[in-house]
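Chemist:
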DNA sequence: AGTGGCTCAATT
DNA sequence: AATTGAGCCACT
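Residue numbers (UniProt numbering): 1 to 601.
#1: Assuming residue 259 and residue 321 are in contact, meaning their beta carbons sit under 8 Å apart, how far apart are those beta carbons, in whole angstroms?
#2: Going by DSSP, what residue range makes up the alpha helix (DSSP H) through residue 526?
#3: Taking only three categories from DSSP, how would you classify residue 305?
#4: Helix, strand or coil: how does DSSP classify residue 40 here?
#5: For residue 218, count neighbouring C-beta atoms within 10 Å of its own C-beta (all shown protein chains included) and say buried if the count is 16 or more, exposed if not.
#6: Please check the pair residue 343 and residue 405, which I expect to be a contact at CB under 8 Å, by giving their CB distance rounded to whole angstroms.
#7: Determine whether the beta carbon atoms of residue 180 and residue 186 lie at a separation below 8 Å.
#8: Bridge partners for residue 651 per DSSP, in chain order?
#9: Quick one, are the C-beta atoms of residue 215 and residue 239 less than 8 Å apart?
#10: Helix, strand or coil, according to DSSP, for residue 220 in the structure here?
#11: Between 538, 360, 235 and 41, which lies nearest to residue 310 when the distance is taken from Cα to Cα?
#12: May I ask you to list the residues that DSSP assigns as paired with residue 201?
#13: Excluding the five sequence neighbours on either side, which residues of its own chain have a C-beta within less than 7 Å of the C-beta of residue 65, listed in chain order?
#14: I think residue 267 touches residue 329, with their Cβ atoms under 8 Å apart; what is that distance to the nearest whole Å?
#15: Return the chain-ordered ranges of every beta strand (DSSP E) run that is complete within the region 388 to 423 and spans a minimum of 3 residues.
#16: Are residue 206 and residue 318 touching if we call contact CB-CB under 8 Å?
#17: Does residue 252 pass the burial test, meaning 16 or more other C-beta atoms within 10 Å, or should it be called exposed?
#18: Verify whether the separation of the beta carbon atoms of residue 308 and residue 362 is less than 8 Å.
#19: For the pair the region 221 to 228 and the region 364 to 383, tell me if three or more CB-CB distances fall below 8 Å.
#20: Counting only the same chain and skipping the five closest in sequence on each side, list residues whose C-beta sits under 7 Å from that of residue 297.
#21: On a CA-only basis, which of 539, 354, 473 and 424 is nearest residue 201? Give me that one, please.
#22: Who are residue 235's beta bridge partners in DSSP?
#23: If you compare alpha carbons, which of 265, 190, 384 and 316 is closest to residue 354?
#24: Using beta-carbon positions only, say whether residue 463 and residue 416 come within less than 8 Å of one another.
#25: Return the CA-CA distance between residue 470 and residue 496, expressed in angstroms with no decimal places.
#26: From the DSSP output, in three-state form, read off residue 545 for me.
#27: Report the three-state DSSP secondary structure of residue 192 (helix, strand or coil).
#28: Just verifying my parser: in three-state terms, what is the DSSP assignment at residue 210?
#29: Please report how far the alpha carbon of residue 392 lies from the alpha carbon of residue 407, in whole angstroms.
#30: Could you check the C-alpha separation between residue 257 and residue 331 for me, to the nearest Å?
#31: Return helix, strand or coil for residue 298, following the three-state DSSP convention.
#32: According to DSSP, is residue 310 helix, strand or coil?
#33: By Cβ distance, which residues of its chain are closer than 6 Å to residue 234, with the 5 residues on each side in sequence left out?
#34: Starting from residue 486 and walking both ways along the alpha helix (DSSP H), at which residues does that stretch end?
#35: Quick check on residue 23: buried or exposed, where buried means 16 or more other Cβ atoms within 10 Å of its Cβ?
#36: Just the Cα atoms here: how many angstroms apart are residue 190 and residue 227?
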């Protein structure tokens with residue numbers, strides 16, 4: 001059997017080679033691209049049934065030339081058939097329980113070496129030692145601050161050895177919201193945010209797809225719900241803890257919550273009328289009781305952000321709260337539920353039902369590929385006509401989108417998608433920190449006594465491909481760091497979708513799997529529009545600048561000499577200014593970058 | 001149930 | 001650095 005005759009099953013489950021429909025026990029699903037294959041039509045089927053779970057298909061294991069070269073960095077081991085062999089070894093080890101096997105498989109897939117328990121202890125110890133060394137280099141703070149940070153960091157390492165698959169940049173936070181020492185009230189009233197589980201930046205537009213979900217690898221599904229604003233935040237659907245609108249006036253709005261806070265709201269499920277924020281007297285700082293309008297709303301701040309999302313036709317994530325007593329579509333119980341993305345088709349100003357003051361109004365219409373939680377439909381939305389909105393007769397400042405929407409229905413594909421590239425993120429991924437930590441880090445960063453330490457730190461910011469200090473650093477969803485040019489060139493010429501052909505006949509298009517050079521994660525989506533990690537870039541730049549200023553020591557760490565670096569400067573959309581002196585991330589980025597390195601050996 | 005007051009995080 | 005905000009708990 002030659003390679004050319006290897007084909008998977010089509011979407012209907014029919015083997016494209018033998019044209020039969022294999023029963024489930026004869027069908028094998030690829031652990032990477034999730035495509036089913038007919039076992040008896042494979043040239044080299046896996047030997048044990050147990051390895052089914054993590055089996056890699058011929059395309060993904062590198063058996064054919066259809067797969068992009070993953071360019072594995074030296075010493076990191078190869079992926080593909082080696083991985084299959086390693087999984088076989090795990091499965092064959094009778095000394096392991098099913099849980100332990102699962103854990104090992106998971107580690108393997110996350111790019112970590114398979115190690116014995118003893119080695120794992122050793123690695124843990126090394127990680128901790130490394131972290132301590134770095135901190136001691138880095139911190140010139142009082143003893144209390146130092147020990148606080150060390151405690152925090154050790155905790156992070158502990159957690160990462162067993163629970164966390166991917167290294168995410170704020171994983172030093174606990175899984176649950178927590179109460180700081182100075183907060184007098186317990187529970188979620190005055191709690192700090194816990195870990196953010198997804199790897200989207202805070203200004204990410206649209207659905208949260210699987211590649212941003214290293215924990216479950218499924219993304220946030222329509223209909224998922226959470227107990228409070230903290231957990232909804234941690235899954236990335238809506239970041240503000242109080243505000244109903246997440247957005248920036250100069251950039252757009254990413255998400256809204258319907259909680260019945262404004263009595264003008266009108267919910268029809270597939271579409272609704274939303275009221276802007278503001279116009280209330282919050283001088284008593286009680287955000288619940290002051291529901292009377294005290295002045296007019298305008299299209300500014302978050303209201304302007306919503307208007308921008310209307311203008312550009314961005315998808316806005318919608319969360320419904322059970323607190324909304326007026327809506328028939330609000331979830332039962334005490335919950336917040338993700339209902340999918342909507343587009344804002346129009347916005348205007350009208351006098352609110354309270355009578356004397358104006359409010360901003362927004363017409364939201366659903367445009368999600370998943371059906372709404374309250375329907376039994378099997379498919380998502382189709383474009384629907386605008387509803388009749390009587391209050392438009394009295395509207396002023398009416399605004400409608402004139403340009404074509406960024407997120408729209410593709411008739412050919414039968415689904416909603418980005419017709420224009422989504423806006424480039426202006427935020428780093430997950431740099432949430434608590435205020436104490438932030439202060440300590442800032443102090444450390446601005447300290448004048450750690451010149452030589454900076455030089456050493458700079459070396460930690462190496463590209464995993466060219467092994468030089470990164471130029472235009474990008475961080476993959478699996479938290480590996482590369483020069484943008486190095487990473488992009490790895491996948492040059494590879495498109496997201498690939499056509500399969502056989503005998504001159506075109507078969508269904510299939511997603512091209514593109515593996516991270518450091519681990520088996522599929523970064524095909526990410527590679528379509530990789531954004532420079534500005535936070536890391538700033539730290540590198542700052543370290544370099546200070547080094548130059550100090551000029552006490554020469555560092556022989558050259559820049560990456562890739563050919564296509566020059567044309568790219570840091571994209572600060574809207575203005576071309578130098579990064580501001582907004583140094584916050586610091587250690588966190590360093591930790592991620594280097595933990596990756598130590599994980600890999 | 002009504003309400004006082006606190007705290008977090010983000011935008012400006 | 002200041003302002004804002006469709007939360008949240010506990011007390012009456």
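Just so it is clear, CB atoms sit at the ideal spot from N, CA and C, and this is done for glycine as well.
None of these values were measured; they are calculated from a predicted model.
Modeler: On the basis of the data shown:
#1: 4 Å
#2: 524 to 528
#3: helix
#4: helix
#5: exposed
#6: 6 Å
#7: no
#8: Outside the shown range of the chain, which is 1 to 601, sits residue 651, and nothing can be said about it.
#9: no
#10: coil
#11: 360
#12: 429
#13: Caution applies to residue 65, whose pLDDT of 30 falls short of 50 and renders its modelled position unreliable; the model cannot decide the point.
#14: 5 Å
#15: 396 to 400, 407 to 410 and 415 to 418
#16: no
#17: buried
#18: no
#19: yes
#20: 276, 278, 279, 303, 358, 359 and 360
#21: 424
#22: Residue 235 pairs with nothing; no bridge assigned.
#23: 265
#24: no
#25: 25 Å
#26: helix
#27: strand
#28: helix
#29: 25 Å
#30: 12 Å
#31: coil
#32: helix
#33: 194, 196 and 197
#34: 484 to 490
#35: exposed
#36: 16 Å
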